[in-house]
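261 is the number that the numbering used here gives the last residue of the sequence shown; the numbers go up by one with no jumps. All C-beta atoms, glycine included, are put in the ideal place defined by N, C-alpha and C. Please read all numbers here as calculations on a predicted model, not as lab measurements. Have a look at the structure below, then the notes.
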Amino acid sequence: MIDVEKLKKKINQRIEVLKLLSSIPRLRIMLLLLIFRKLSLTQLSDLLGRTKATVIHHLKKFEKSNIINTSREESQGSIDAKVYELDPEFFNLAELNIKNFQNLKKKESKEILHHILLRDKWMLETFKNILIFANQFYREIDEKYLSEDKKFMKKTQDFYFKSPIDYDLWFITEEGRENYLKALSQFKEQINKIINEDNKKGGLIERPYCILHLLLPLKDLSEFDFERKRIVDFLG
Numbered sequence: 026m027i028d029v030e031k032l033k034k035k036i037n038q039r040i041e042v043l044k045l046l047s048s049i050p051r052l053r054i055m056l057l058l059l060i061f062r063k064l065s066l067t068q069l070s071d072l073l074g075r076t077k078a079t080v081i082h083h084l085k086k087f088e089k090s091n092i093i094n095t096s097r098e099e100s101q102g103s104i105d106a107k108v109y110e111l112d113p114e115f116f117n118l119a120e121l122n123i124k125n126f127q128n129l130k131k132k133e134s135k136e137i138l139h140h141i142l143l144r145d146k147w148m149l150e151t152f153k154n155i156l157i158f159a160n161q162f163y164r165e166i167d168e169k170y171l172s173e174d175k176k177f178m179k180k181t182q183d184f185y186f187k188s189p190i191d192y193d194l195w196f197i198t199e200e201g202r203e204n205y206l207k208a209l210s211q212f213k214e215q216i217n218k219i220i221n222e223d224n225k226k227g228g229l230i231e232r233p234y235c236i237l238h239l240l241l242p243l244k245d246l247s248e249f250d251f252e253r254k255r256i257v258d259f260l261g
């Protein structure tokens, strides 16, 4: 039996966290905590290139969501230092699936669907911000690449070939989609094994890469003219 109110509260919490990530500095804080898992205020300040006061300002925005945990570790001189890490709940942001709630009553199902739609909307907003951030990074490199000296060009080439943004682009049929979903299920099992093996190593292992997997319904997206048609009319 699903506790609808508890579920709604959980989804709302996730929505609020995703809203906070509309800010690039807060998005960068999240990305750094995802990569390094635990960071002190000094480390966050150095990595972000922002003052400690600015970092604290952004960290306070997350207080109500309870998504960042703090602890204290001994630093030089035996003085306790505050350390920040993401709550394990943060890693379940994308877990919920509307298919799990199809047996709910009509009213409950409607409420849950509304919350999940909001969750997905803000999740896509977060994806967009990450891609905008990456685009700005590449644009900056491109603008400097041809105008700087050979030393900079060599550094750019070394960086790009060491750590490029890798992507694939495929267009598939309905039948191809069904086969893809079967292959994806096997792929997820393999990825989960890799992640579990990493987790067994213990300690604070740096995780500098993120796999973002999207299946886009291009036909529906391209047929909907949001400038001239209401979504209600489009859905029939």
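inquiry  = By DSSP's criteria, residue 208 is part of a beta bridge. Which residues make up the other side?
reply    = Per DSSP, none; premise fails for residue 208.
query = Among 86, 88, 90 and 109, which one has its Cα closest to the Cα of residue 97?
reply = 109
query = Which one of 251, 31, 32 and 36 has the shortest CA to CA distance from residue 143?
reply = 36
request  = With DSSP as the reference, please indicate the residues paired to residue 97 in a beta bridge.
outcome  = 107
inquiry  = Which same chain residues end up closer than 6 Å to residue 112 when comparing Cβ atoms and leaving out the 5 residues on each side of it in sequence?
reply    = 92 and 94
Residue 107 and residue 47 closer than 8 Å at C-beta = no
request  = Could you check what DSSP says for residue 64 in three-state terms: helix, strand or coil?
outcome  = strand
ask   = How long is the line joining the alpha carbons of residue 151 and residue 210, rounded to whole angstroms?
value = 24 Å
query = Are residue 181 and residue 197 closer than 8 Å when you measure CB to CB?
reply = no
ask   = residue 147 and residue 44 look like a contact to me (Cβ under 8 Å); what is the Cβ gap, rounded to whole Å?
value = 6 Å
key: Bounding residues of the alpha helix (DSSP H) (the contiguous stretch that carries residue 37)   = 29-45
query = Are three or more beta carbon pairs between the region 79-89 and the region 235-255 nearer than 8 Å?
reply = no
query = CB-CB under 7 Å to residue 87, same chain, minus the five flanking residues each way: which ones, in chain order?
reply = 45 and 93
ask   = Tell me which same chain residues have a C-beta within less than 8 Å of the C-beta of residue 60, skipping the five on either side of it?
value = 231, 232 and 233
query = Is it true that the CB of residue 190 sits closer than 8 Å to the CB of residue 29?
reply = no
Buried or exposed by the 16-neighbour rule on C-beta atoms within 10 Å, applied to residue 247 = exposed
ask   = According to DSSP, is residue 241 helix, strand or coil?
value = coil
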